[in-house]
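One structure below.
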Amino acid sequence: MPATHTYLDHNATSPLRPAAFDAMVGALQAGGNPSSVHRAGRGARAIVDHARRQVAALVGALPAEVVFTSGGTEANNSALSGAGRRRVLVSAVEHDSVLKAANGMEIVPVQGNGVIDLGVLQESLAASPEPALVSVMFANNETGVLQPIADVVRVARATGALVHCDAVQGAGKVSVDLHGLGVDYLSLSAHKFGGPAGVGALIVRSGAPFLPDRLGGGQETNRRAGTENVAGIAGFGAAAAAVGNGLATREWRDRLEARLLEIAPAARIHGASADRLPNTTCISMPGVGAETQVMALDLAGICVSAGAACSSGKVTRSAVLLAMGVEPGEAETALRISFGWNSSFDDIERLIAEWRDLYIRVGHSDIDHARAA
Ligand code: PLP
Numbered sequence: 003m004p005a006t007h008t009y010l011d012h013n014a015t016s017p018l019r020p021a022a023f024d025a026m027v028g029a030l031q032a033g034g035n036p037s038s039v040h041r042a043g044r045g046a047r048a049i050v051d052h053a054r055r056q057v058a059a060l061v062g063a064l065p066a067e068v069v070f071t072s073g074g075t076e077a078n079n080s081a082l083s084g085a086g087r088r089r090v091l092v093s094a095v096e097h098d099s100v101l102k103a104a105n106g107m108e109i110v111p112v113q114g115n116g117v118i119d120l121g122v123l124q125e126s127l128a129a130s131p132e133p134a135l136v137s138v139m140f141a142n143n144e145t146g147v148l149q150p151i152a153d154v155v156r157v158a159r160a161t162g163a164l165v166h167c168d169a170v171q172g173a174g175k176v177s178v179d180l181h182g183l184g185v186d187y188l189s190l191s192a193h194k195f196g197g198p199a200g201v202g203a204l205i206v207r208s209g210a211p212f213l214p215d216r217l218g219g220g221q222e223t224n225r226r227a228g229t230e231n232v233a234g235i236a237g238f239g240a241a242a243a244a245v246g247n248g249l250a251t252r253e254w255r256d257r258l259e260a261r262l263l264e265i266a267p268a269a270r271i272h273g274a275s276a277d278r279l280p281n282t283t284c285i286s287m288p289g290v291g292a293e294t295q296v297m298a299l300d301l302a303g304i305c306v307s308a309g310a311a312c313s314s315g316k317v318t319r320s321a322v323l324l325a326m327g328v329e330p331g332e333a334e335t336a337l338r339i340s341f342g343w344n345s346s347f348d349d350i351e352r353l354i355a356e357w358r359d360l361y362i363r364v365g366h367s368d369i370d371h372a373r374a375a
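So the number in my numbering is just where the residue sits in the sequence shown, counting from 1, plus 2.
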């Protein structure tokens, strides 16, 4: 990432942490296939086992509960199929890697602040005796809104449902504890907190049913076949160990939001009344399309994102905001600002200044210049 850029898009991907880089280089130099019995193989196995302990420690799991995958998407896909439940209920604000992973899933609505409607979840579960899987994310990638996972588990357990939680955006930013939450399956992705892209994990609680969707050489104790991505796994483990207590950036986020609302009192922070990640702000600038904002800020050297980053690079209207009842016109003006392990408050100050300039440039000359200066 060139130093000339101010990178405030950590929810899309977070820059590689130096510890992860070093661990990956070490693993690449060491070589070896963890399944080989000779010394090179044993060396590679030791690297994978070490990383497994580091990843397990990040979420309070046992090392044996960690199944390495190619990322969060695969972890979500394999949780939904691997639980073996035909009836699947998911919240309306899940990532596409959950929403597109099962046919005929039942969608549970969220309230205006983005938090799942537990009453509807309870009623839906009670409406059929068929054993279900409930999948609810830990934190939303666009708004940062945290879901009440322990309550979801309580409601689900009352009907014998299994619970999957996509913790891709929560892990590494705030504390996530598999056993404290009581979920059966938990998805993680290394690149959201400073590990490499293309590696993640599905944590399968010991005793939870799991049917593998990849068959072959029996790796990951028969839960995910395929030679391990040793360097990626090493980087994942090192990033997990480097996370410490997560991001202590809540005060920055609150100052950022207060400043933006001073500049544009009609702007709206989506999910503001809910508990949210300390690194994420999703804000609508009145009357200015998100695409225009992203491009203008990019020209000023600031990387942020409009809603979800799509693989095509195209900006589409946010399904998350629509599910929260935001009007389509307003949803099109929503910008996502997300900071991370290498951000500074200077980065945020720069964003505030450019956002303000853009707001004035596009015709909001009515702003209170004294207060917004
Ligand atoms: N789940 C959430 C909430 C995400 O934000 C993402 C990535 O944006 C994923 C899953 C997919 O993770 P990956 O990029 O590792 O496949």
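Glycine included, each C-beta is placed from N, C-alpha and C at the ideal position.
Quick caveat, the model's predicted, so the values are computed rather than measured.
Count the other CB atoms, across all protein chains shown, that sit within 10 Å of the CB of residue i; report buried if there are 16 or more and exposed otherwise.
i: N142; result: buried
i: E356; result: buried
i: T318; result: exposed
i: M3; result: Unreliable positioning characterises M3 in this predicted model, as indicated by a pLDDT of 49, which lies under 50. The coordinate reading is nonetheless provided below. M3 should be labelled exposed.
i: L276; result: Per the sequence shown, residue 276 should be read as Ala rather than Leu. That one is buried.
i: L10; result: buried
i: P36; result: buried
i: T223; result: exposed
i: A25; result: buried
i: R225; result: buried
i: V112; result: buried
i: S320; result: buried
i: R278; result: buried
So, residue i versus residue j, is the Cβ gap smaller than 8 Å?
i: V185; j: V155; result: yes
i: F195; j: A53; result: no
i: C2; j: L190; result: Since the first and last residues shown for the chain are 3 and 375, residue 2 lies out of range.
i: V322; j: A173; result: no
i: A94; j: A333; result: no
i: F140; j: V178; result: yes
i: D348; j: F341; result: no
Who are the near neighbours of residue i in its chain, counting only those whose CB is closer than 6 Å to its CB and skipping five residues on each side?
i: G273; result: N115, G116, T145 and V147
i: P280; result: L249, T251, R252 and R255
i: R19; result: G196, A241 and A244
i: A311; result: Note that A311 scores 46 on pLDDT, short of 50, meaning its location in the model is unreliable and no value can be drawn from it.
i: L123; result: V110 and V157
i: R352; result: T8
i: A21; result: A240 and A244
i: V29; result: Sequence inspection shows Ala at residue 29; the Val mentioned does not correspond to that position. So the list reads I49, V232, A233 and A236, once near-sequence residues are dropped.
i: L299; result: V306 and E356
In terms of alpha-carbon separation, which member of the options lies closest to residue i?
i: I339; options: V27, T294 and N13; result: N13
i: N344; options: P17, G228 and A42; result: P17
i: S38; options: S99, A21, Q221 and N105; result: Q221
i: A260; options: S80, I285 and L301; result: I285
i: A160; options: K102, V57, V328 and S126; result: S126
i: A32; options: I49, A21, F140 and L91; result: I49
i: I271; options: D119, V328, E293 and D51; result: V328
i: V110; options: A104, V138 and P133; result: V138
i: P131; options: A158, D119, F347 and A59; result: A158
i: T283; options: V306, R47 and G162; result: V306
i: A227; options: A103, E264 and L217; result: L217
i: K102; options: I151, S80, S346 and G342; result: S80
i: G121; options: P150, N105, G106 and A104; result: P150
i: G246; options: A308, V176 and G45; result: V176
Which residues in the same chain as residue i place their Cβ atom closer than 8 Å to its Cβ, once the five residues preceding and following it in sequence are excluded?
i: G74; result: H97, S99, D168, V170, S189, L190, S191, K194 and G202
i: M287; result: A266, A269, Q295, T335, L337, W357, L360 and Y361
i: T15; result: H193, K194 and A199
i: E67; result: A58, L180, I205, V206, R207 and S208
i: V364; result: G289, V290 and T294
i: G229; result: It should be pointed out that residue 229 corresponds to Thr in this sequence rather than to Gly. Taken in chain order, the residues that qualify are N35, P36, S37, G219 and Q221.
i: S72; result: G200, V201, G202 and N231
i: E108; result: R89, V90, L91, V92 and S126
i: A152; result: G182, L183 and G184
Please return the same chain residues whose Cβ sits closer than 7 Å to the Cβ of residue i, not counting the five positions on each side in sequence.
i: I354; result: L258, R261 and L262
i: P6; result: Before going further, note that residue 6 is Thr rather than Pro in the sequence given. Only G303 meet the Cβ criterion.
i: S313; result: For S313, the predicted model reports a pLDDT of 48, less than 50, meaning its position is unreliable; a value from the coordinates is still stated below. So no residue of the chain qualifies.
i: A163; result: L127, P133, A134, L135 and V136
i: D119; result: V110, P111, V112 and Q113
Should the stretch 78–86 be regarded as contacting the stretch 209–217, the criterion being three or more beta carbon pairs within less than 8 Å? yes
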